[in-house]
Ligand SMILES: [Zn+2]
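In the working numbering, the protein residues as written are 1265 to 1662.
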């Protein structure tokens, strides 16, 4: 018998929610699949009418609704606990997260506590079984095109007491259904379109180059990267007047997250998480800004998959170094096109603020789980140089 063992990837799984996508994907809610829905969102979603839009749809098919519209950016444990307490009172059979990444993360974590009030969120790991779904199914409705939280297994929650971000991760947190209706993201401002859209690109590139990449994640990440290169500038410049670009960006963001969620992320996210905690800038703006530096650093170590990525994008490159240069150039052009900062200095961080926080930036980055699946690990001196180069906007030469 022929053994294929040495050619095979170790046995693994591909995980995904049921995804309703395309024009009026929200009509999935008409199918009478629940009786009591609890919607977790924020004040912006309530004030611009998105919450009522979803409630009307649900009530139209006889669903009893309640909502919690108090999620804040980078939600803390206290908000999640308050939301879960409201859920316990209402006793829904569907929990719906509606909004950007913060709302979906808060909804995931609150739903977890609704199911398992006996478990401390800080103790949740992907290595345990929690028996979720005894009380409710979990549904996400993303209103941005980028975070990808609508399909992933993790929620980032801020532990205010310890001033840190904790990743609540369990494969059971992957939503049952994700409703990816481009109508919501067509309402986004250009700035939010760019901040979130460039995060989708970072998920696509890091998902493709992570050491956990596999055939399934490759296909999703590659096509998502193609879509973002083509449609993000159109979505940014034309807004709601280009529904095709909005739809493609919605699909690209969900596909990139599905690819990344089934492989993992890497250095640009480790740097972005760290700088996000220290400087409070939006996640996507930072990860997108750091991505070219992360690629340069990884390629300098001869460790990337950039030739495969460039060829997959249809670009002629002869070797890893040339491919990495082409990708970095294309990414920096895209960042310019959608008026994103290319350096921490351009992002508005003062020299003094940067210098005072450099050690903290390195400490936080080196502790980030995203580094574990990168292809080149920076030593302390390199970590400092990475941030210094990214501050000044210098290409990585080490
Ligand atoms: Zn991200």
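Note that beta-carbon positions come from the ideal geometry of N, C-alpha and C, so glycine has one too.
Every value quoted in this text rests on a predicted model; they were computed, and no experiment measured them.
Nearest residue (CA-CA) to residue i, options the options
| i | options | result |
| --- | --- | --- |
| residue 1526 | 1482, 1639, 1504 | 1482 |
| residue 1500 | 1599, 1441, 1631 | 1599 |
| residue 1453 | 1613, 1387, 1321, 1312 | 1312 |
| residue 1419 | 1389, 1326, 1471 | 1389 |
| residue 1617 | 1535, 1634, 1528, 1543 | 1543 |
| residue 1352 | 1330, 1432, 1531, 1550 | 1330 |
| residue 1469 | 1279, 1456, 1488 | 1488 |
| residue 1576 | 1595, 1455, 1490 | 1490 |
| residue 1358 | 1642, 1640, 1441, 1596 | 1441 |
| residue 1394 | 1637, 1283, 1361, 1433 | 1433 |
| residue 1449 | 1509, 1421, 1435, 1472 | 1509 |
| residue 1417 | 1528, 1355, 1495, 1321 | 1528 |
| residue 1517 | 1559, 1471, 1538, 1561 | 1471 |
| residue 1494 | 1476, 1480, 1513 | 1513 |
Sequence-distant residues of the same chain with beta carbon closer than 6 Å to residue i, five excluded per side
| i | result |
| --- | --- |
| residue 1579 | 1590 |
| residue 1605 | 1553, 1611 |
| residue 1325 | 1294, 1296 |
| residue 1282 | 1441 |
Cβ shell of residue i (< 7 Å), same chain only, five flanking positions each side left out
| i | result |
| --- | --- |
| residue 1563 | 1570, 1584, 1585, 1588 |
| residue 1276 | 1478 |
| residue 1647 | 1626, 1629, 1630 |
| residue 1345 | 1377 |
| residue 1314 | 1362, 1407, 1448 |
| residue 1557 | 1650, 1653, 1654, 1660 |
Span separating the alpha-carbon of residue i from that of residue j
| i | j | result |
| --- | --- | --- |
| residue 1337 | residue 1547 | 11 Å |
| residue 1574 | residue 1505 | 31 Å |
| residue 1662 | residue 1609 | 21 Å |
| residue 1299 | residue 1392 | 30 Å |
| residue 1396 | residue 1383 | 12 Å |
| residue 1339 | residue 1364 | 12 Å |
| residue 1507 | residue 1555 | 28 Å |
| residue 1274 | residue 1568 | 21 Å |
| residue 1294 | residue 1376 | 25 Å |
| residue 1550 | residue 1536 | 5 Å |
| residue 1474 | residue 1531 | 9 Å |
| residue 1266 | residue 1438 | Reliability fails at residue 1266, whose pLDDT of 47 lies under 50, so the model's placement of it is uncertain and the value that follows must be treated cautiously. Residue 1266 and residue 1438: Cα-Cα distance of roughly 37 Å. |
| residue 1639 | residue 1328 | 49 Å |
Other residues of its chain near residue i: CB distance less than 8 Å, five sequence neighbours each side excluded
| i | result |
| --- | --- |
| residue 1729 | For the chain, the structure presents residues 1265 to 1662; residue 1729 sits outside this window and is missing. |
| residue 1288 | 1445, 1447 |
| residue 1307 | 1333, 1334 |
| residue 1644 | 1626, 1630 |
- Task: Any chance you could list the residues with Cβ under 6 Å from a heavy atom of ligand 1, keeping chain order?
- Result: This criterion selects 1463, 1466, 1467, 1533, 1547, 1551.
- Query: Okay, do the segment 1362-1377 and the segment 1396-1403 touch, 3+ Cβ pairs below 8 Å being the bar?
  - Reply: yes
- Query: Are the segment 1454-1467 and the segment 1408-1417 in contact at 8 Å, needing three or more beta carbon pairs?
  - Reply: yes
- Query: Would you call the segment 1622-1633 and the segment 1645-1653 touching, i.e. three or more CB-CB distances under 8 Å?
  - Reply: Taking a cut-off of 8 Å on C-beta distances, the segment 1622-1633 touches the segment 1645-1653, as three or more cross pairs fall below it.
- Message: Quick test of the definition: if touching needs 3 or more C-beta pairs under 8 Å, does the segment 1483-1497 touch the segment 1517-1524?
- Response: yes
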